[in-house]
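Colleague: Residues -29 to -1, 1 to 623, numbered by mature numbering (1 follows the signal peptide of the UniProt record, and there is no 0), are exactly what the sequence shown covers, in order.
A single structure is presented below for examination.
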Amino acid sequence: MDFNLPLPSFFFSTLTILVSTQLPWPSHAHDTANYYETCKETIYCGSIGTVEYPFYTENRPKYCGHPGFNLSCTGIPTITIMSQEYYVISINDTTNTLVVARTDYWGHVCPASLVNITIDFTLFSYTSADENITLYYGCTSSLSGLQKSCGTSTDGEYFLTRSMEDSDSYQQQLASCSGKLFVPVHQSDVAAIDDSEGSAGTVTSALKNGFELEWLPENNKCGECEDGGGQCGFDWDLGDFTCYCSTENPNCNNTGSKSKTGLLIGIAAGATCMLVLLLGCGFLLLTRRRKQLHISHSEGYQLAATPSSGGLPSSNGFTTTAATTTATTTNLSQSISSYSTSKSEVANRRSTYFGVQVFSYTELEAATNNFDESRELGDGGFGTVYYGELPDGRIIAVKRLHEKNYKRVEQFVNEVEILARLRHKNLVTLYGCTSKRSPKLLLVYEYIPNGTVADHLHRKRPEIGLLTWATRLNIAIETADALSYLHASDVIHRDVKTANILLDNNFQVKVADFGLSRLFPNDATHVSTAPQGTPGYLDPEYFQLYQLTEKSDVYSFGVVLFELISSKEAVDVTRHKLDVNLANMAINRIRNEALHELVDPCLGFENDYDVQEMIKSVAELACQCLHNDKDIRPTMSEVFEILKGIREKSSE
């Protein structure tokens, strides 16, 4: 580039180049308008009629819908949820609900294989119109007379508990059945099932009528988008809702990811202004510096050419020239040094997000040796955790959220927002994160070197030794302290389990993983939300009523207490069918006065009276935490005080 151009010519040449190369506005506006027109088209899907967001089909592009809402419109419309295929009976866009029926139960009560279903609670929730019926298969002849015919050529049999008395004798006999399924149906069909005592005809009809689901993704955002004249869609690259605008209304109400046109215009315009300013300033500085060098050079030349009295060049002339040159060089060096220092200081003044440091993806990639598999610390439902080292010497744990998790942005923001406002010795410390606009969402924590409580209890790492009862009781106390602090801070953890309780080298607790946690509104008695958590730890009342309270954490902690007592996993399908769920197993043992069968033999329960009394007290507390009625469960602060009292009593 010719820096001898006059300033106006240079400035406008640069501006012209930047504008022409940086602002591809018309093409992106055109693309967005195309998306708008495509998503606006009326698409029919078999018997359910027209379909709109969040659904997409083979004739409706996926950018017009949301992940998880792909409809197949060949024959009876179907949708697949958590690998289970359903017929779609109807869709109600006003209430955001759809009625679905299991394809494997279509037209009969006895499918070829028995599969209990689960729905994706990040996308759907059951409604108050749904009710479960329980079907048993492969039962013993002791229930003769109560069985119902499958009504097919297979001549199979099934049992429906609604037609039986709710007594222990029946429950014991049903325990011998080889198959048990919970099947949701519409409440309006339950009366007919009861009247017919569960006949195959009424049950088959109820199963074909299906049950109701409410879809959750972006309902409010989509409504606001449509109110502004836009069309709802989904940016599959960013993993977020977007609102497409028409060419006539380019500024329609965008509530999710802003329209690509507006985003690109903002970025390009900002970048253009910044580059023009930087180049203009650079040009002025360069011009000024060249003038200074020219003046210095001229002065030096004049001094060097001045004759002495003898007509020969004076040595002072050369000395003066050298001094001038040295001074100029020194000033230039100081200027460059000053600029470098200033640049370094700016780089060190990092941006923050909710008050925590924002790291670049490149930094964390280097810290984890390009996310080397050998540095992997664990892999959970929402992300993989890696060991890392920062240039400042800090040892870190970096969680990389799974890209296939469509809730990853929400969980990322949730965890940062919650951990940034909390400080407790038994909560893991969040050092920082990447920008939420980063292509990879990363969270940076302090590194806790001694694994999880689950690792120790279930011998998942062979180098880990056994936990004594004293250590286990201390783990329970510190975890209760942390959860009590969370509840006092209006936070519900929602995923309390031994795999989320970390231990340092001194076996001090660090509660981690706040991706599912919720901030609890002041003065609220509960939060209505789709149940999320880990099987075996999930509060049954929360699961049934969709009402999340701090007592949901209390229930999960009760399971943790029984894990500490027994060293058994919360769910183990290899155990007897009545003992698969640890909470049920523990309560049954205690009711039968067989606590000793539950306790880990390594704890010395049979031989140490003090240990025996402490374990009995903790087991009693755990039962209180697991009470079906949440109002009877203690608070976490009460649990904390009771556990401390148990430890203090033993030391007397």
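Heads up, the beta-carbon is just placed ideally off N, CA and C, and yes, glycines get one too.
Taking the straight line between their C-alpha atoms, what separation do you get for alanine 177 and tyrosine 76?
Modeller: Along the sequence shown, read from residue 1 onward, the residue named residue 177 stands at position 206. Along the sequence shown, read from residue 1 onward, the residue named residue 76 stands at position 105. The straight-line gap from Cα to Cα measures roughly 10 Å.
Colleague: Are glycine 486 and valine 380 closer than 8 Å when you measure CB to CB?
Modeller: As a first step, residue 486 must be located in the sequence shown, where it is residue number 515. As a first step, residue 380 must be located in the sequence shown, where it is residue number 409. Contact flag unset, no.
Colleague: Report the three-state DSSP secondary structure of glutamine 55 (helix, strand or coil).
Modeller: As a working note, residue 55 is residue 84 in the sequence shown. Of the three classes helix, strand and coil, the one that applies to glutamine 55 here is strand, per DSSP.
Colleague: Relative to the C-alpha of glutamine 328, which residue among Leu187, Ala368, Val415 is closest?
Modeller: For the purposes of this step, residue 328 is taken as the residue at position 357 of the sequence shown. Considering only alpha carbons, the answer is Val415.
Colleague: Here's a check: name, in chain order, each residue in its chain whose Cβ is nearer than 6 Å to the Cβ of cysteine 16, leaving out the five neighbours to either side.
Modeller: Within the sequence shown, numbered from 1, the residue matching residue 16 stands at position 45. Answer for cysteine 16: Val22, Thr28, Leu42, Cys44, Pro48, listed in chain order.
Colleague: So, is serine 138 buried or exposed, given that buried needs 16 or more other C-beta atoms within 10 angstroms?
Modeller: In the sequence shown, counting from the first residue as 1, residue 138 sits at position 167. In this prediction, serine 138 has a pLDDT of 48, which is less than 50 and means its spatial position is unreliable; what the coordinates show is noted afterwards. Answer is exposed; the Cβ neighbour count stays below 16.
Colleague: What would DSSP say about threonine 355, mapped onto helix, strand or coil?
Modeller: Stepping through the sequence shown from its first residue, residue 355 is reached at position 384. Reduced to three states, the DSSP call for threonine 355 is strand.
Colleague: Look up glutamate 512 in the DSSP assignment and say whether it is helix, strand or coil.
Modeller: Working through the sequence shown from its first residue, we reach residue 512 at position 541. The answer is helix: DSSP assigns glutamate 512 an H, G or I state.
Colleague: For a quick check, are the C-beta atoms of aspartate 475 and isoleucine 561 less than 8 Å apart?
Modeller: Here residue 475 refers to the residue found at position 504 when the sequence shown is read from its first residue. Here residue 561 refers to the residue found at position 590 when the sequence shown is read from its first residue. Not a contact, by the Cβ cut-off of 8 Å.
Colleague: With a floor of 3 residues, list each beta strand (DSSP E) that falls wholly inside the region 1 to 84, ordered by position along the chain.
Modeller: If only complete runs of 3 or more residues are kept, the region 1 to 84 shows the beta strand (DSSP E) at 49 to 52, 55 to 63, 68 to 73, in order along the chain.
Colleague: Who does histidine 157 pair with in a DSSP beta bridge?
Modeller: Here the question's residue 157 lines up with position 186 in the sequence shown. For histidine 157, which the question treats as bridged, DSSP gives the partners Asp101.
Colleague: At a cut of 8 Å, does the region 387 to 405 reach the region 338 to 356 through at least three beta carbon pairs?
Modeller: no
Colleague: Would you check if there are 3 or more beta carbon pairs closer than 8 Å linking the region 358 to 365 to the region 331 to 342?
Modeller: yes
Colleague: Flag this pair as yes or no: are the beta carbons of glutamate 183 and alanine 100 separated by less than 8 Å?
Modeller: Here residue 183 refers to the residue found at position 212 of the sequence shown. Here residue 100 refers to the residue found at position 129 of the sequence shown. Yes; because the gap between Cβ atoms is below 8 Å, this pair is in contact.
Colleague: Please work out which residues of its chain come closer than 7 Å, Cβ to Cβ, to alanine 590, disregarding the five sequence neighbours upstream and downstream, and give them in chain order.
Modeller: Position 619 of the sequence shown, counted from the start, is the residue given in the question as residue 590. Setting aside the 5 residues that flank it on each side, alanine 590 is surrounded in the same chain by Ile536, Ile561, Leu566, each with a C-beta closer than 7 Å to its C-beta; the list follows chain order.
Colleague: From what residue to what residue does the beta strand (DSSP E) around glutamate 417 run?
Modeller: Start at 1 with the first residue of the sequence shown, and residue 417 comes out as number 446. Here the beta strand (DSSP E) through glutamate 417 covers 413 to 417.
Colleague: Alpha carbon to alpha carbon, what distance is there between proline 572 and aspartate 64?
Modeller: The residue given as residue 64 occupies position 93 in the sequence shown. The residue given as residue 572 occupies position 601 in the sequence shown. Cα to Cα, aspartate 64 sits roughly 57 Å from proline 572.
Colleague: Exposed or buried, what is phenylalanine 153 when buried is set at 16 or more other beta-carbons lying within 10 Å of its beta-carbon?
Modeller: Taking the first residue of the sequence shown as position 1, residue 153 is located at position 182. It counts as exposed.
Colleague: When burial is assigned at 16 or more other CB atoms within 10 Å of the CB, is asparagine 397 buried or exposed?
Modeller: On the sequence shown, position 426 is the one that residue 397 refers to. Asparagine 397 should be labelled buried.
Colleague: Do you know offhand how far threonine 450's Cα is from valine 480's?
Modeller: Mapped onto the sequence shown, residue 450 falls at position 479. Mapped onto the sequence shown, residue 480 falls at position 509. Using only the alpha carbons, I get a separation of about 6 Å.
Colleague: According to the neighbour-count rule (16 or more other Cβ atoms, all chains shown, within 10 Å of its Cβ), is tyrosine 508 buried or exposed?
Modeller: Here residue 508 refers to the residue found at position 537 when the sequence shown is read from its first residue. The residue in question, tyrosine 508, is buried, as its Cβ has 16 or more Cβ neighbours within 10 Å.
Colleague: Which first and last residues belong to the alpha helix (DSSP H) in which valine 570 is found?
Modeller: Sequence index remark: in the sequence shown, residue 570 carries index 599 (1-based). No alpha helix (DSSP H) contains valine 570, which DSSP labels as neither H nor E.
Colleague: Under the rule that 16 or more other beta-carbon atoms within 10 Å means buried, what is histidine 464, buried or exposed?
Modeller: Residue mapping note: residue 464 aligns to position 493 of the sequence shown, counting from 1. Label assigned to histidine 464: buried.
Colleague: With DSSP collapsed to three states, give me the class of aspartate 350.
Modeller: For the purposes of this step, residue 350 is taken as the residue at position 379 of the sequence shown. The answer is strand: DSSP assigns aspartate 350 an E or B state.
Colleague: According to DSSP, which residues form a beta bridge with alanine 368?
Modeller: Counting from 1 along the sequence shown, the entry for residue 368 is found at position 397. According to DSSP, which records beta bridges pairwise, alanine 368 is partnered with Tyr358, Tyr416.
Colleague: Where does the unbroken alpha helix (DSSP H) through glutamine 595 begin, and where does it stop?
Modeller: The residue you call residue 595 lines up with position 624 of the sequence shown. According to the DSSP assignment, glutamine 595 belongs to the alpha helix (DSSP H) that extends over 580 to 596.
Colleague: At what residues does the beta strand (DSSP E) containing glutamine 328 begin and finish?
Modeller: The residue given as residue 328 occupies position 357 in the sequence shown. That run of the beta strand (DSSP E) goes 327 to 329.
Colleague: Tell me which residues share the same chain as leucine 473 and place their Cβ nearer than 7 Å to its Cβ, disregarding the 5 neighbours each side in the sequence.
Modeller: On the sequence shown, residue 473 is found 502 positions in, with the first residue counted as 1. Cβ neighbours of leucine 473 beyond the five flanking positions: Val399, Ile419, Thr423, Lys481, Ala483.
Colleague: What residues are listed by DSSP as bridge partners for residue 625?
Modeller: Residue 625 lies beyond the residue range present for the chain, which begins at -29 and ends at 623; the question has no answer from this structure.
Colleague: Per DSSP, threonine 442 forms a beta bridge with which residues?
Modeller: The residue given as residue 442 occupies position 471 in the sequence shown. DSSP lists no partner for threonine 442.
Colleague: Measuring straight from C-alpha to C-alpha, what distance separates glycine 39 and lysine 151?
Modeller: Your numbering for residue 39 matches position 68 in the sequence shown. Your numbering for residue 151 matches position 180 in the sequence shown. If you take the alpha carbons of glycine 39 and lysine 151, they lie about 28 Å apart.
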